[in-house]
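Visitor: Here this note's numbering = 1-based position in the sequence shown + 3.
First the structure, which I've put down as structure tokens, then a few questions once you've had a look.
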Amino acid sequence: MGNMNCCPSTGGARGQGSTFSSKSSYYSVPRNRDDYLPGHHRYSKRAAQELLQTAPDPTVRAGRNGRRPHAHFDDENHYTAERASLSPLPNACHTNTPRPFGYAGNPGFDYATQNSKGKPQSNQAREAVGPEAGPIRLVADRDRNLVGVSYHPQGSFRDFERATYHPRRSRHS
């Protein structure tokens, strides 16, 4: 696939693209089309890490549908091994089961203006102000270390699939 604009880099102004090289580490996300990843199915690991570093601290008391970032409940057990190394969160609204956090994968999502349900704040005409979080979640520990990438499969906003990780290819491959 060569070079492509994958995920906007958080290093520049919002909406500026970063070059994606097929030699970079990435997660494959098999979706047909997303507003912020039109026609692209690769999510650069570097772009994910950049987004995590600029995101706010997780909301410990937020449940499944609260303000983002919030606990990623991993009902599909995609992160069982990773959860084993996490510490339970004190005073969390869910059980003492260690949970990673789900961050919005959409670089344009504005955490500061979201409502209590994690959706873009509505204006007086009840129209959403700002983009949705999108179907991709960056799954990280409480220190924002990337654990993996999950996404809602095409046509579902309830289920999650774990994106396949493709490590950087060596120069000799």
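Quick reminder that beta carbons are idealized off the backbone N, C-alpha and C, glycines included.
These numbers come from a predicted model, not from an experiment.
#1: Just to confirm my understanding: we take residue 169, look at its own chain, exclude 5 residues before and 5 after, and list those with CB closer than 6 angstroms. What are they?
#2: Using 10 angstroms around the beta-carbon of residue 87, count the other beta-carbons present and answer buried if the total reaches 16, otherwise exposed.
#3: Return helix, strand or coil for residue 177, following the three-state DSSP convention.
#4: Between the alpha carbons of residue 50 and residue 107, how many angstroms are there, rounded?
#5: Using the Cβ count rule (16 or more neighbours within 10 Å means buried), how would you classify residue 162?
#6: Can you name the residues that DSSP bridges to residue 89?
#7: What does the Cβ neighbour count give for residue 56, buried or exposed, with the cut at 16 atoms within 10 Å?
#8: How many Å lie between residue 61 and residue 47 at the Cα?
#9: With the cut-off set at 8 angstroms, would you say residue 142 and residue 75 are in Cβ contact?
#10: With distances taken from CA atoms, which of 117, 122, 118 and 82 is nearest residue 104?
#11: Compare the Cα-Cα distances from residue 116 to each of 78, 90, 145 and 71 and report the closest residue.
Guide: Well, looking at it:
#1: Working through the sequence shown from its first residue, we reach residue 169 at position 166. Scanning its chain for C-beta atoms nearer than 6 angstroms, with the 5 sequence neighbours on each side dropped, one finds around residue 169 the residues 29, in chain order.
#2: Here residue 87 corresponds to residue number 84 of the sequence shown, with the count starting at 1. Flag for residue 87 reads exposed.
#3: This structure does not reach residue 177, given that the chain is present from 4 up to 176, and the question cannot be answered.
#4: One-based indexing of the sequence shown puts residue 50 at position 47. One-based indexing of the sequence shown puts residue 107 at position 104. Residue 50 and residue 107 have their C-alpha atoms some 12 angstroms from each other.
#5: Here residue 162 refers to the residue found at position 159 of the sequence shown. With fewer than 16 Cβ atoms within 10 Å of its Cβ, residue 162 is classed as exposed.
#6: Taking the first residue of the sequence shown as 1, we reach residue 89 at position 86. According to DSSP, residue 89 bridges with nothing at all.
#7: As a position in the sequence shown, residue 56 is number 53, starting the count at 1. Result: exposed.
#8: Taking the sequence shown and counting its residues from 1, one reaches residue 61 at position 58. Taking the sequence shown and counting its residues from 1, one reaches residue 47 at position 44. As the crow flies, the alpha-carbon of residue 61 is around 22 angstroms from that of residue 47.
#9: Locating residue 142 in the sequence shown gives position 139, counting from the first residue. Locating residue 75 in the sequence shown gives position 72, counting from the first residue. Taking the C-beta atoms as reference points, residue 75 is found nearer than 8 angstroms to residue 142.
#10: Translated into the one-based positions of the sequence shown, residue 104 becomes position 101. Ranking 117, 122, 118 and 82 by Cα distance to residue 104 puts 82 first.
#11: Locating residue 116 in the sequence shown gives position 113, counting from the first residue. For the set 78, 90, 145 and 71, the Cα lying nearest the Cα of residue 116 is the one of 71.
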